[in-house]
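For reference, the structure discussed in these notes is given below.
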Amino acid sequence: MQTILSGVQASGHLTLGNYLGAIKNWRELHKDGRYRCWFFVADLHSITVRQNPAELRERSIEIMTLYLAAGLGQGENSIFFQSHVPQHAELGWVLGCYCNLGELSRMTQFKDKSGKNEAGITSGLFTYPVLMAADILAYQADLVPVGADQKQHLELCRDVAVRFNGIYGETFKIPEPFIPKEGARIMSLQDPSMKMSKSDPNSNGYILLLDKPDTIMKKIKRAVTDSVGEVRFDAENPERAGINNLISIYSAATGKDFEQIAHEFEGKGYGAFKQAAGEAIIDVLAPLQEEYGRLSNDKEYVRSVYTKSAEQAREAAQKTLADVYERIGFIPKEER
Ligand code: ATP
Ligand code: LTN
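Reading the sequence shown from the start, the letters are residues 1131 to 1466 in our numbering.
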C-alpha cells in the first residue's frame, strides 16, 4: 500500500483554492482505497506569521471539522494536529542540518511572504520548508497532493532526502508531488495575478468553504473580468486572467473541460456564465457545509478522531526518527 500525506496551515478560514487545489484531491485519492493516508492541520507552520491564540484555536478545530466533513475521516485514515506529534519538530531540526541557506533563500513563498512583512521576518518563516520536509519524510510518504504553489517546497524535500540517503544509506522514501490538472492554482477574484489566499485582507478576493450561498454568488458576480465578453479560456492574453480563473474554477467544480465550457456559453456573455459558476460552486460546497453543521455539534467525535490519529502518527513517525538518530550516531535511549 502506498502512503499519502498532506496538510493545510491554520492561518485562516479555508478557501475554495485550498479545496480545489488540495482537499478535493485528498478525498479522491483516499476514496480510491489504495493508499494509507495521513492528513493534518499544520498548526506549527501557521505560527511562522503572528497568530491570535483564540483565533488559532478556533480555526484549527474548524479545519479539522472540515476535513471530517469532506469525508476524510472514513476508513484507515489518520487526521491529526501537527503539534500533537513532536516527531515533526524533532526531525525538522535534524533536516535543517542537511539543508543549505542558499536552497532556502530561493523559495518563492518565503520571498513573497517576507516582502509583505519586512518588519517581522522570523527565522521560522525562512526554515518553514525544512519542517515541511520533516512532515513528509517522517511518514515515508509516496505521494503528496498539493496545489501548484507547493511544488518548489516538495522539490526541496526531495533534495534533502536524497542528500541524507546519500550520506547514511536508504533512510527516506523520495516522495512525488500530486498536483491536479484543474484547480492547482486558483487566483484571487479581485486580483487574478495573485493566488487566492486565506490570508488575503480583501475578503472579496476569496470564497470561503463556509461562505453562505448568497455571499458566494455576490463574490463571483463582483469578480474582475475584462471587456472582451467571450467565455473562452485564453492563456495567451494576460488581460483575460480574470475570466480564465473563473473558467478554471467552473471546470474544477463541474469536471467539464475548457472546450465544453466555451461551447456551453457561446454567445451568452459573462452575466450568464457568472450565474452558472456561482451555482456550481454552491452545489459543490453544499454537502460539505451540511456535514460541517452536523459535525460541529459532535465535538466528542471530532476529538476522538484527532486523539486516536495522533497516537498512530506518533508511532509511525517515531519509527523513522529512531532510524535517523541511529544512522546519525546518537546514543539510543534506555527505555524503562
Ligand atoms: P496562506 O495564505 O496562509 O499562505 P494558503 O491559503 O495559501 O495560506 P496553505 O495552507 O498554504 O493555504 O495551502 C494548503 C493547500 O492548499 C496547499 O496544498 C496549497 O497548495 C493549496 N492551495 C492554497 N491556495 C491555493 C490556490 N489558490 N489554488 C490551488 N491550491 C491552493
Ligand atoms: N506548506 C503547505 C502546508 C504543509 C504541507 C506539509 C503540505 C505543511 N506541511 C506537508 C503537504 C505536506 C502549504 O500549503 N503552505
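Every residue, glycine too, gets a C-beta built ideally from N, C-alpha and C. Because the structure is a prediction, the values reported are computed rather than measured.
Here's the rule: buried if 16 or more other CB atoms are within 10 angstroms of the residue's CB, otherwise exposed. What is residue i?
i	result
residue 1195	buried
residue 1437	exposed
residue 1150	buried
residue 1155	buried
residue 1450	buried
residue 1420	exposed
residue 1207	buried
residue 1397	exposed
residue 1429	exposed
residue 1147	buried
residue 1467	Absent from the model: residue 1467. The displayed extent of the chain is 1131 to 1466, so no value can be given.
residue 1387	exposed
residue 1290	buried
residue 1227	exposed
Suppose you measure from the CA of residue i to the CA of residue j; what does that come to, to the nearest Å?
i	j	result
residue 1460	residue 1364	57 Å
residue 1139	residue 1326	14 Å
residue 1486	residue 1352	The structure shown has nothing for residue 1486, since the chain only spans 1131 to 1466.
residue 1361	residue 1324	21 Å
residue 1426	residue 1357	43 Å
residue 1457	residue 1301	9 Å
residue 1416	residue 1405	16 Å
residue 1244	residue 1367	30 Å
residue 1268	residue 1372	39 Å
residue 1339	residue 1304	32 Å
residue 1159	residue 1153	10 Å
residue 1212	residue 1279	21 Å
residue 1177	residue 1251	12 Å
residue 1321	residue 1198	31 Å
residue 1277	residue 1286	16 Å
residue 1389	residue 1330	32 Å
residue 1423	residue 1145	17 Å
residue 1332	residue 1273	33 Å
residue 1359	residue 1399	5 Å
residue 1084	residue 1298	The structure shown does not extend to residue 1084, since the chain is modelled only from 1131 to 1466, so the question has no answer here.
residue 1311	residue 1447	31 Å
residue 1407	residue 1383	8 Å
residue 1238	residue 1336	21 Å
residue 1455	residue 1240	29 Å
residue 1167	residue 1135	6 Å
residue 1104	residue 1266	Because the chain in this structure spans residues 1131 to 1466, residue 1104 falls outside the shown range and cannot be described.
Could you tell me if the beta carbon of residue i falls within a distance shorter than 8 Å of some heavy atom in the ligand ATP?
i	result
residue 1148	yes
residue 1314	yes
residue 1257	no
residue 1239	yes
residue 1271	no
residue 1303	no
residue 1325	yes
residue 1145	yes
residue 1328	yes
residue 1176	yes
residue 1141	yes
residue 1200	no
Under 8 Å from any heavy atom of the ligand LTN, does the C-beta of residue i make it?
i	result
residue 1278	no
residue 1137	yes
residue 1353	no
residue 1407	no
residue 1242	no
residue 1291	no
residue 1194	no
residue 1266	yes
residue 1262	yes
residue 1274	yes
residue 1160	no
Query raised in the report: Curious, which full-length alpha helix (DSSP H) runs of at least 4 residues does the region 1171–1198 contain?
Result: 1173–1176
Report task. Taking only runs that begin and end inside the region 1206–1288, name each unbroken alpha helix (DSSP H) of 4 or more residues, in chain order. Result -> 1217–1226, 1231–1235, 1238–1246 and 1253–1267
Query raised in the report: Can you list, in chain order, the stretches of the alpha helix (DSSP H) that have 4 or more residues and sit fully within the region 1281–1353?
Result: 1281–1298 and 1343–1352
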